[in-house]
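Chemist: First to last, the sequence lines map onto chains G and P.
According to the numbering used here, the first sequence holds residues 47 to 222 in order.
According to the numbering used here, the second sequence holds residues 47 to 222 in order.
Even glycine gets a Cβ: it sits at the ideal position worked out from N, Cα and C.
Keep in mind that this is a model prediction, so the values were computed, not measured.
Quick one: the structure is below, and I'll ask about it shortly.
Number of protein chains: 2
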Amino acid sequence: MSIKYAILGLLSWHPYTGYELKKAFPNIPALYWSGNNNQIYRTLVQLHNEKLVTRQIEIQDNYPSKKIYTITEKGLHELKNWLLTVPEPPQLKNTFMIKLSFADQLNKEEIQKQLLDYKNEINSQILIIKELQKRGNGKPKRGKRETYLWEMIHRRWISYYSNELEWIKELQKNIK
Amino acid sequence: MSIKYAILGLLSWHPYTGYELKKAFPNIPALYWSGNNNQIYRTLVQLHNEKLVTRQIEIQDNYPSKKIYTITEKGLHELKNWLLTVPEPPQLKNTFMIKLSFADQLNKEEIQKQLLDYKNEINSQILIIKELQKRGNGKPKRGKRETYLWEMIHRRWISYYSNELEWIKELQKNIK
DNA sequence: TTTCTCATGTAACGCGTTACATGATTAC
DNA sequence: GTAATCATGTAACGCGTTACATGAGAAA
Numbered sequence: 047m048s049i050k051y052a053i054l055g056l057l058s059w060h061p062y063t064g065y066e067l068k069k070a071f072p073n074i075p076a077l078y079w080s081g082n083n084n085q086i087y088r089t090l091v092q093l094h095n096e097k098l099v100t101r102q103i104e105i106q107d108n109y110p111s112k113k114i115y116t117i118t119e120k121g122l123h124e125l126k127n128w129l130l131t132v133p134e135p136p137q138l139k140n141t142f143m144i145k146l147s148f149a150d151q152l153n154k155e156e157i158q159k160q161l162l163d164y165k166n167e168i169n170s171q172i173l174i175i176k177e178l179q180k181r182g183n184g185k186p187k188r189g190k191r192e193t194y195l196w197e198m199i200h201r202r203w204i205s206y207y208s209n210e211l212e213w214i215k216e217l218q219k220n221i222k
Numbered sequence: 047m048s049i050k051y052a053i054l055g056l057l058s059w060h061p062y063t064g065y066e067l068k069k070a071f072p073n074i075p076a077l078y079w080s081g082n083n084n085q086i087y088r089t090l091v092q093l094h095n096e097k098l099v100t101r102q103i104e105i106q107d108n109y110p111s112k113k114i115y116t117i118t119e120k121g122l123h124e125l126k127n128w129l130l131t132v133p134e135p136p137q138l139k140n141t142f143m144i145k146l147s148f149a150d151q152l153n154k155e156e157i158q159k160q161l162l163d164y165k166n167e168i169n170s171q172i173l174i175i176k177e178l179q180k181r182g183n184g185k186p187k188r189g190k191r192e193t194y195l196w197e198m199i200h201r202r203w204i205s206y207y208s209n210e211l212e213w214i215k216e217l218q219k220n221i222k
């Protein structure tokens, strides 16, 4: 349940509503894939029950009323404890690799087709991240160190995809 | 549900029992993290219902009787169709990256500690894969092309971890 | 007029994990 | 005597996804 801590992390910057959180997620490279309605609203209720956040309701005339969540001292503590837990290894689930593992069922044209499609997929992934980085939404922009960390994270992601591309190229050359 | 296709993929080599499949999974780099009892036995029943596999029961004297699963024509078809579906982008869930994103809560010693622990984690991950590759279990060893693919997959995994190490080194140097 | 934004939420499902359960045999 | 291997399975839970639902106001 890293979503819980992701939300706490975001709330450690400043208060958010559920709706804002939902929009913030796609801007954070480490978790841009995640954060749908259901999870966020449910987790927020849970965090509130655990007294890790407080909630203020702001009534608006022309729009539905907002619920603004603020992190508590206890919440900051919980976040920090999590940050200090032992790091887990990354879990990369690459369905394409599984496919390749059993690609002997395919002829070379079919494999080449898949490689090409995968390459395109990776390329658009790179575009997305570069766009994210350029627009620079959802970044904290507070301390120098934090800015550096965010840049490094972006770079790591891009480098991952670039390496994937090189790897694909080599495969394309050798599958014949 | 890629486990379904992973199992079909394995069965496309030769028949397996559930127990053997369970042991085979950790030897396959693309899915070494997966494949627990529950999933495998449940999926096998499901595959059988869908007539994608057949099942022979082999009674043994001194051991519990085996259920040997063999892929059917329909199963091979299903597998091949899956292999030809459009590739999905890799989903890398790296909890450590999420942590780093919010690491501003930590002082430099604490971050350095986390980086060191993560580095060790990655190193042992590399050892595991290299060991896998060396022992060379669970590889098909049939055609030349298949052997090549498996080697490329191993290489990609190792390169991913190596790049992660370099990235960590840079962080270690600059966080002060 | 249709679509988008603001803002909240629920229902149902799917995939995967951990832990539990059995029971004989063989290796240390 | 203890642990591991062979071989099967079930129960319960957790996390996440997709889709559904409401309802007003602003923009295309």
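#1: G/Gln218 and G/Gln158 look like a contact to me (Cβ under 8 Å); what is the Cβ gap, rounded to whole Å?
#2: For G/Ile105, does the three-state DSSP call read helix, strand or coil?
#3: Which whole runs of the beta strand (DSSP E) in the segment 134-219 of chain P are 3 residues long or more, in chain order?
#4: Looking only at its own chain, which residues have a Cβ that is under 7 Å from the Cβ of P/Lys165, when we skip the five neighbours before and after it?
#5: Thinking C-beta only, is P/Tyr207 closer than 9 Å to P/Ile168?
#6: Should the segment 100-108 of chain P be regarded as contacting the segment 111-127 of chain G, the criterion being three or more beta carbon pairs within less than 8 Å?
#7: Here's a check: name, in chain order, each residue in its chain whose Cβ is nearer than 8 Å to the Cβ of P/Ser80, leaving out the five neighbours to either side.
#8: Mark P/Thr89 as exposed unless 16 or more other C-beta atoms lie within 10 angstroms of its C-beta, in which case mark it buried.
#9: Is there a Cβ from chain G that is less than 9 Å from the Cβ of P/Pro133?
#10: Just mark G/Leu173 as buried or exposed, buried being the case when its beta carbon has 16 or more other beta carbons within 10 Å.
#11: Skipping 5 residues on each side, what residues in its chain have a beta carbon closer than 8 Å to that of P/Pro186?
#12: P/Ser147 and G/Ile74 look like a contact to me (Cβ under 8 Å); what is the Cβ gap, rounded to whole Å?
#13: Quick check: G/Leu57 and G/Thr116, are their CB atoms within less than 9 Å of each other?
#14: Report the neighbours of P/Phe71 on chain G: residues whose CB is nearer than 9 Å to its CB, in chain order.
#15: So which residues on chain P does G/Asn84 lean against when the C-beta distance must stay under 9 Å?
#16: Shortest alpha-carbon distance to G/Ile86 belongs to which of G/Ile103, G/Thr100, G/Glu104, G/Leu54?
#17: Taking the alpha carbon of P/Leu129 as the point to measure from, which residue in G/Ile144, G/Gly121, G/Gln92, G/Asn140 has its own alpha carbon closest?
#18: Per DSSP, which residues does G/Tyr115 bridge with? Please list them.
#19: Inspect the beta-carbon positions of G/Asn84 and P/Gln137 and report whether they are closer than 9 Å.
#20: If the criterion is Cβ atoms closer than 9 Å, does the pair G/Gln160 and P/Pro133 meet it?
#21: Could you tell me the distance, in whole angstroms, from the CA atom of P/Glu216 to the CA atom of G/Arg201?
#22: Please identify the residue among P/Asn82, P/Lys113, P/Thr118 whose C-alpha is closest to the C-alpha of P/Glu96.
#23: Does the CB of P/Pro61 have a neighbour CB from chain G at under 9 Å?
#24: Say whether chain P places a C-beta atom closer than 9 Å to the C-beta of G/Asn95.
#25: Leaving aside the five residues before and after G/Asn199 along the sequence, list all residues of the same chain whose C-beta is less than 6 Å from its C-beta, in chain order.
#26: Over the uninterrupted alpha helix (DSSP H) stretch that includes G/Gly81, give me the two end residues.
#27: From the DSSP output, in three-state form, read off P/Ile49 for me.
#28: Between P/Val91 and P/Gly121, how many whole angstroms is the CB-CB distance? I'm expecting something under 8 Å.
#29: Helix, strand or coil, according to DSSP, for P/Pro110 in the structure here?
#30: Under 9 Å Cβ-Cβ, which residues of chain P neighbour G/Tyr109?
#31: Kindly say whether P/Leu173, judged by its beta-carbon, lies nearer than 9 Å to any beta-carbon of chain G.
#32: Can you find the residues in the same chain that come closer than 6 Å, C-beta to C-beta, to G/Asp163, ignoring five residues on each side of it along the sequence?
#33: Which residues in the same chain as P/Lys222 place their Cβ atom closer than 8 Å to its Cβ, once the five residues preceding and following it in sequence are excluded?
#34: Measuring straight from C-alpha to C-alpha, what distance separates P/Leu246 and G/Lys190?
#35: Where G/Pro61 and G/Ile175 are concerned, what is the direct C-alpha to C-alpha distance, given to the nearest angstrom?
Modeler: So, from the listed chains and residues:
#1: 7 Å
#2: coil
#3: 137-139
#4: Leu211, Ile214
#5: yes
#6: no
#7: Ile49, Ala52, Phe71
#8: buried
#9: yes
#10: exposed
#11: Trp59, Glu192, Thr193, Trp196
#12: 6 Å
#13: yes
#14: Chain G residues near P/Phe71: none, gap ~11 Å exceeds 9 Å.
#15: Chain P residues near G/Asn84: none, gap ~18 Å exceeds 9 Å.
#16: G/Leu54
#17: G/Ile144
#18: G/Tyr62, G/Arg101
#19: no
#20: yes
#21: 12 Å
#22: P/Thr118
#23: no
#24: no
#25: Looking at the sequence provided, one finds Ile at residue 199 of chain G rather than Asn. Excluding residues within five positions, the ones whose Cβ falls inside 6 Å are Pro75.
#26: Taken as a continuous stretch (DSSP letters only), G/Gly81 belongs to no alpha helix (DSSP H), as it is neither H nor E.
#27: helix
#28: With a Cβ gap of about 14 Å, P/Val91 and P/Gly121 do not count as contacting.
#29: coil
#30: Simply none; closest approach about 30 Å.
#31: no
#32: none
#33: Lys154
#34: With chain P covering 47 to 222 only, the question about residue 246 of chain P has no answer from this structure.
#35: 26 Å
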